[in-house]
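Asks:
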Ligand code: ATP
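In my numbering, the protein residues as written are 1 to 442.
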């Protein structure tokens with residue numbers, strides 16, 4: 001089903017400045033990646049797209065940005081100190097470490113080939129810990145947050161008291177999370193440092209099932225709106241034996257990545273588990289008083305939790321296409337939704353001389369106020385178009401001799417490669433209209 005291989009993606013990402021291996025000049029750090037000029041634009045735009053969908057368009061959701069390091073009691077209350085573990089086994093021969101649930105314990109070690117060399121599974125906590133301040137004792141232990149959600153729960157009362165929100169309402173947050181994953185593989189799919197896009201929606205107990213259905217639908221619709229191919233998205237329900245310690249019900253939205261179907265986002269019905277536990281551990285009242293009915297209760301929570309860096313991998317895989325063109329030519333094209341493409345408009349003077357470069361520069365300066373623009377005056381025009389196709393730039397503007405006569409340029413569309421003669425005064429109007437009405441065709 002998937003046309004792109006991971007090797008093709010990794011290679012394009014390196015070649016075109018999307019993603020580099022961390023600390024590459026020192027041989028790299030396993031499972032850590034850096035986002036280059038194209039990658040950071042793509043990641044930021046996906047983040048902004050999510051933020052707009054979840055806060056600006058949603059009347060009842062407000063934002064938050066909590067600290068990565070939190071009071072250690074937070075992680076006792078949340079259950080992470082006790083439960084956030086993976087069962088691990090070691091090979092006694094070569095000392096390699098594996099997740100017990102991802103390996104056949106009867107088989108030979110996949111690294112050194114020794115049979116019967118595995119230790120008994122031991123629980124290994126995924127949280128990174130460090131010490132705050134200069135004294136390294138048990139009282140100074142802090143964790144790097146393994147999820148952004150807890151920053152939202154511990155601020156529930158603050159937001160309630162300062163934002164004039166009423167139940168049902170949500171709090172959204174984007175930020176880094178850290179997990180000491182044993183197997184970091186598949187490029188940026190699973191890493192120890194990653195970014196999450198999380199939203200906790202607080203509802204009245206008894207109304208949680210309705211809201212769970214609402215958010216399930218809203219979240220899959222969001223990916224379709226982002227132009228992701230429908231046949232590569234599906235739901236997967238968690239069976240009762242797979243549910244996390246806090247969950248009453250959970251569905252994953254899965255995407256067909258180059259390595260197969262994998263989780264992209266989780267929608268979880270968390271009941272009053274988190275607020276209830278923080279109330280118990282902090283001794284603070286985290287109940288809600290309904291202003292109309294005067295009922296007092298601990299709200300239930302429906303959570304939508306997606307990986308930002310994992311979404312970047314999904315968007316890259318979904319966008320990648322190698323296309324055969326007429327005349328035996330071929331091109332690699334990244335069909336990003338124009339709202340998240342790293343560069344929105346490429347500007348090319350047909351030739352540098354005769355004032356065409358100056359004219360193109362004038363248009364470039366104007367469009368830079370509004371869009372991410374790339375100016376390129378070197379090489380044959382076909383080559384310049386191909387370079388922009390490879391980084392997924394949806395619009396190309398070519399300035400030629402006719403521009404000097406009548407203020408028109410050629411506007412080229414990445415997906416169809418159609419070229420239209422348009423007035424330079426209409427460029428913003430046309431581009432904005434195309435971004436708003438974008439539908440992916442293939
Ligand atoms: P998995 O089963 O893949 O380890 P999870 O079910 O533990 O993930 P959640 O705790 O529900 O994941 O986290 C929510 C989202 O955060 C996931 O759907 C995923 O997109 C992202 N995510 C979780 N762990 C990682 C990671 N190590 N690297 C990148 N993204 C991650």
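A virtual CB, placed ideally from N, CA and C, is assigned to each residue, including glycine.
Return helix, strand or coil for residue 241, following the three-state DSSP convention.
Replies: Three-state DSSP puts residue 241 in coil, outside helix and strand.
Asks: Measuring CA to CA, which of 342, 425, 369 and 351 is closest to residue 394?
Replies: Of the candidates 342, 425, 369 and 351, the one whose C-alpha sits nearest the C-alpha of residue 394 is 342.
Asks: Would you say the stretch 218-237 touches the stretch 163-182, given that touching needs at least three Cβ pairs under 8 angstroms?
Replies: No: fewer than three Cβ pairs fall under 8 angstroms.
Asks: Counting along the chain, where does the beta strand (DSSP E) carrying residue 222 start and finish?
Replies: Note, residue 222: premise wrong, no beta strand (DSSP E); alpha helix (DSSP H) at 208-225.
Asks: Would DSSP call residue 2 helix, strand or coil?
Replies: Any reading at residue 2 is ruled out, since the residue's pLDDT is 45, under 50, leaving its predicted position unreliable.
Asks: Looking at the unbroken beta strand (DSSP E) that takes in residue 363, where does it start and where does it end?
Replies: Unbroken run through residue 363 is the alpha helix (DSSP H), 356-368; no beta strand (DSSP E).
Asks: Can you look up residue 38 in the DSSP assignment and give me helix, strand or coil?
Replies: The answer is helix: DSSP assigns residue 38 an H, G or I state.
Asks: Just mark residue 26 as buried or exposed, buried being the case when its beta carbon has 16 or more other beta carbons within 10 Å.
Replies: Exposed: under 16 other Cβ atoms inside 10 Å.
Asks: Quick check on residue 49: does DSSP put it in helix, strand or coil?
Replies: Note: residue 49 maps to helix in three-state DSSP.
Asks: Within its chain, find whatever has a CB closer than 7 angstroms to the CB of residue 281; leave out the 5 residues flanking it on each side and keep chain order.
Replies: Cβ within range, chain order: 73, 76 and 77.
Asks: Name the DSSP beta bridge partners of residue 419, please?
Replies: Bridge partners of residue 419: 412.
Asks: Quick one: what's got a C-beta closer than 6 angstroms to residue 13's C-beta in the same chain, skipping five residues either side?
Replies: Contacts found: 19.
Asks: Any heavy atom of the ligand ATP closer than 7 angstroms to the beta-carbon of residue 266?
Replies: True, at least one ligand heavy atom lies under 7 angstroms from that Cβ.
Asks: Could you tell me whether the Cβ atoms of residue 445 and residue 267 are closer together than 8 angstroms?
Replies: Any question about residue 445 goes unanswered here, given that the chain covers just 1 to 442.
Asks: Hey, would you say residue 385 sits closer than 8 angstroms to residue 368, going by beta carbons?
Replies: No, these two residues do not count as a Cβ contact at 8 angstroms.
Asks: Could you give the residue range of the alpha helix (DSSP H) that holds residue 398?
Replies: Unbroken run through residue 398 is the beta strand (DSSP E), 395-399; no alpha helix (DSSP H).
Asks: Curious, which full-length beta strand (DSSP E) runs of at least 3 residues does the stretch 235-284 contain?
Replies: You should have 249-257 and 260-271.
Asks: Should residue 273 go down as buried or exposed, given a rule of 16 or more other Cβ atoms within 10 Å for buried?
Replies: By the neighbour-count rule (16 or more Cβ atoms within 10 Å), residue 273 is buried.
Asks: Any idea what DSSP makes of residue 306, helix, strand or coil?
Replies: Correct three-state label for residue 306: strand.
Asks: I'd like the list of long-range same chain contacts for residue 246, defined as Cβ closer than 6 angstroms, with 5 residues on each side in sequence excluded.
Replies: Only 270 and 273 meet the Cβ criterion.
Asks: Is the beta carbon of residue 54 closer than 8 angstroms to that of residue 199?
Replies: Taking 8 angstroms as the Cβ cut-off, residue 199 and residue 54 qualify as a contacting pair.
Asks: So is residue 39 buried or exposed if we call it buried at 16+ other beta carbons inside 10 Å?
Replies: It is buried - the Cβ of residue 39 has at least 16 other Cβ atoms within 10 Å.
Asks: Would you check if there are 3 or more beta carbon pairs closer than 8 angstroms linking the stretch 142-157 to the stretch 191-205?
Replies: Segments in contact, yes.
Asks: Using 8 angstroms as the threshold, is the stretch 160-174 in touch with the stretch 107-121, meaning 3 or more CB pairs across them?
Replies: Touching, no.
Asks: Report the partner residues of residue 19 according to the DSSP bridge assignment.
Replies: 35.
Asks: Based on the DSSP secondary-structure assignment, which residues constitute the bridge partners of residue 175?
Replies: For residue 175, which the question treats as bridged, DSSP gives the partners 196.
Asks: Among residues of its own chain, excluding the 5 on either side of residue 402, which ones have a beta-carbon nearer than 7 angstroms to its beta-carbon?
Replies: Excluding residues within five positions, the ones whose Cβ falls inside 7 angstroms are 408.
Asks: Let me confirm a value: residue 299 is counted as buried when at least 16 other C-beta atoms fall within 10 Å, else exposed. Which label applies?
Replies: Buried: at least 16 other Cβ atoms inside 10 Å.
Asks: How many angstroms separate the CA atom of residue 436 from the CA atom of residue 316?
Replies: Straight-line Cα distance between these residues: approximately 21 angstroms.
Asks: Going by CA-CA distance only, name the one from 276, 291 and 292 that's closest to residue 285.
Replies: The shortest C-alpha separation from residue 285 is found at 276.
Asks: Thinking just about the alpha-carbon of each residue, which of 51, 96, 66 and 147 is nearest to the one in residue 81?
Replies: For residue 81, the nearest C-alpha among the options comes from 147.
Asks: Around the Cβ of residue 351, are there at least 16 other Cβ atoms within 10 angstroms (buried) or fewer (exposed)?
Replies: Residue 351 should be labelled exposed.
Asks: How do the stretch 131-144 and the stretch 40-50 stand: do at least 3 beta-carbon pairs fall below 8 angstroms, yes or no?
Replies: No contact exists between the stretch 131-144 and the stretch 40-50.
Asks: Residue 125 lies in the beta strand (DSSP E); which residues open and close that run?
Replies: Where residue 125 is concerned, the enclosing beta strand (DSSP E) stretches over 122-125.
Asks: Given 7 angstroms as the limit, tell me if residue 186 has its C-beta closer than that to any heavy atom belonging to the ligand ATP.
Replies: Outside the cutoff, so no.
Asks: Here's the rule: buried if 16 or more other CB atoms are within 10 angstroms of the residue's CB, otherwise exposed. What is residue 194?
Replies: With 16 or more other Cβ atoms within 10 Å, it is buried.
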